[in-house]
Structure formats: structure tokens, C-alpha cells
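Going by the numbering used here, the sequence shown opens with residue 1, and the numbers climb by one from there.
Ideal placement from N, C-alpha and C gives every residue a C-beta, glycine not left out.
Source: prediction; values computed, not measured.
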Amino acid sequence: MKKVLILGCGYVGRAFALSAKAKGHRVLAVTRNETAADQLREDGVEVFLGRVHEAGWHGFAGGGVDWALNCVSSADSTLDGYRTSYVDGNRFFSLWMETSGFSGSAIYTSSVSVYPDRGGDWVQELGSRGDSERSRLMMESEAVFFSSSQHVSKTILRLGGIYGPGRSFLLDRIRSANGPLPGYGDYYLNLIRLEDIVSGIEAVFESDLSAIELFNLVDDEPLVKSDLVDVLATQMGVAKPVFDESIGEEGSTRRTEGGRPANRRVSNRVIKEALGWSPKYRNALHGMGGLISS
């Protein structure tokens, strides 16, 4: 049995918590959401209600943790929200690792948003640059995570766009479009379904990695957004929406400083070769097909 600590137990964190519990591990979670905390307690998870970017949870986590996962999401989409949740959150994660004597394996879930536009070409882990303020903040948070506790096994998983049971923004938009879809359709989507995120996290923790590692966690086949939307609309039995670039995508943060979405295909080759991991859902069409009726 492992002692597992999860910081930020939302959509991804709870799914991993349930998987870890099912395998007989002791699971501790830190979340700022009271409803999530109640659900986790019902699942048999030990919960601290508080914020990752504060030190209040350090005593709760204590020592003897084998696996530690920081998958906190931003409290809001502002730059201040990103800095607080991601950069400051990793500062307090790193402080806990330093002061608790942690010697296990730590994972931080970052984002493929750190990769710039490549005109549709493939990018791998060393291709990050950060071409927006949000992506530069994500890279800063990665640097904070990597800079501490040099004797700890640390892995960053850069996640693609997340979808899965109970969470599929694209399907929801297609259903409600009634004609136009906001934004652009002429760029590649780099996505990953929830179950494959959990299996990727498990692959890292259950491996014998002993150094600093960086992996992209995305599916095998990025698809052009407009192509994906057309096929999904047909499968859903609704009219194919038309993209309208004059309508902004409310709340979207996946933008270059020029205002368009970054167009690149993110490769998962490194994690597949290093850990033998492979996604169950090879692309978003495969992964979303089973969600249409849900």
C-alpha cells in the first residue's frame, strides 16, 4: 500500500484518487471546493479543505508520502489566477517536499499550452517557448517545481485538452450551436481523455524513474478541429456548424499573442518509448464517440 497525496482534487485528481483507492492505497487530498471535499470523504479519501498555494495543508500531508501529485486547476482564468494556483502552488508544494523529508515520486500536471504555433508541424518536449503570458506563467511554474528537492523523482506531464465522462465542452457546443461556432476551426487539437490521463499518471508512479522527467500526455492523432466537428455533428444527427471568426470564444485562454489558437501537433512519442504507455483512445473522434449519448 502506498501513501498518496493529491493537490487539487477536481476532475483529474478525483479520478486518480478513485483509481488509487481501488488499488488499496491510502489517499490524502487537498481541495478548495467544499462539495468536492464531501464527495471525496464519501469515497474514503482523507481530505484537507484549503488552498494549495498556502502552507495550511503541510501538517495534514505529513511525512511518509510515497506518491505526490499536484494537479491543481486555476482558481480563475486571469493572469493572477494562473500565478497564484500554478506558480505559488508549486512553491508551497516544493516547500513541503523540502521540509517533510519527502523522498518518493512527485508529478506536476502542466499543459501543452507552453508550445508555440508551428504552422501545424509536430513539436516534442524540448520545443516549448511560451508565446503568451499564460504559457510563460506555466513554464515558470514548471521551473519552480523542478528547482527544488533535487533528490526527489520529479515528472512533469504536459496535458492536452482534457475531456471525458461528464466533461466534453466541444460536444456541448456542437449540440447548442444552431449554426455558427465561435472562433477558428483550422488548427489541430491536442487532446487527452480522462481515463488516459489517469493511466499516464499511474505509469509514471509505477515506473522506476529516478531523475527529472518531462512528458507530453496527449493522444496519438491530433485532429483538425473543423474536421472533428463535422464528423461529430454527423454522428450526433445535427447540422454541421460553421466557424465564425468574428465571434470570440468566451473564456478561452489557448491563444497566441496574435489572437489565434496555436496550431501544432504535440507528440507523445517520448512517454510511449520511456514507459511503454499508450492511450486507450487514439484520437478525439475515438474518445468522444462514446460520449455522444451521455
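When Asn-178, Asn-283 and Gly-161 are compared, the shortest CA-CA separation from Glu-221 is found for Asn-283. One alpha carbon belongs to Ala-211, the other to Tyr-82, and they sit about 27 Å apart. The residues Gly-63, in chain order, have a CB closer than 8 Å to that of Gly-101 in the same chain once the five nearest residues on each side in sequence are set aside. For Ile-247 and Asp-76, the gap between their C-alpha atoms comes out near 22 Å. Per DSSP, reduced to three states, the secondary structure at Thr-155 is strand. A direct Cα-to-Cα measurement between Met-236 and His-151 gives close to 51 Å. Taken atom to atom, the span from the alpha-carbon of Asn-90 to that of Lys-240 is near 42 Å. For Arg-269, the enclosing alpha helix (DSSP H) has its first and last residue at 269-275. Take Ile-174, set aside five residues on each side of it, and the residues of its chain with a beta-carbon closer than 8 Å to its own are Leu-181, Val-229, Leu-232, Ala-233, Met-236, Val-238 and Pro-241, in chain order.
Pairing Val-270 with Asn-216, the inter-Cα distance amounts to about 8 Å. In the DSSP secondary-structure assignment, Val-204 is not bridged to any residue.
By the neighbour-count definition (other C-beta atoms within 10 Å, threshold 16), Ala-143 is an exposed residue. A straight line joining the alpha-carbon of Pro-165 with that of Arg-193 spans about 9 Å.
The beta carbon of Thr-84 sits closer than 7 Å to those of His-53 and Ala-75, all from its chain and outside the five residues before and after it, given in chain order. Measuring C-alpha to C-alpha distances from Gly-13 to each of Ser-199, Glu-273, Ser-226 and Glu-245 identifies Ser-199 as the nearest. With 16 or more neighbouring CB atoms inside 10 Å of its own CB, Leu-28 falls in the buried class.
Runs of the alpha helix (DSSP H) spanning 4 or more residues and lying entirely within the region 48-84 occur at 58-61 and 79-82, in chain order. In the structure shown, Ile-292 adopts coil according to DSSP, grouped into three states. Non-local C-beta neighbours of Gly-119 in its own chain, meaning closer than 7 Å and more than five positions away in sequence, comprise Asn-263, ordered along the chain.
Val-114 carries a helical assignment under DSSP once its states are collapsed to helix, strand and coil.
When secondary structure is reduced to three states using DSSP, Asn-90 falls in the helix class.
Only buried fits Asn-268, as 16 or more other CB atoms lie within 10 angstroms of its CB.
Straight across, the Cα-Cα distance linking Leu-95 with Tyr-281 is about 37 Å. In the three-state DSSP reduction, Phe-146 falls in the helix class (H, G or I).
Looking at Val-87, Asp-219 and Gly-287, the one whose alpha-carbon comes closest to that of Ser-73 is Val-87.
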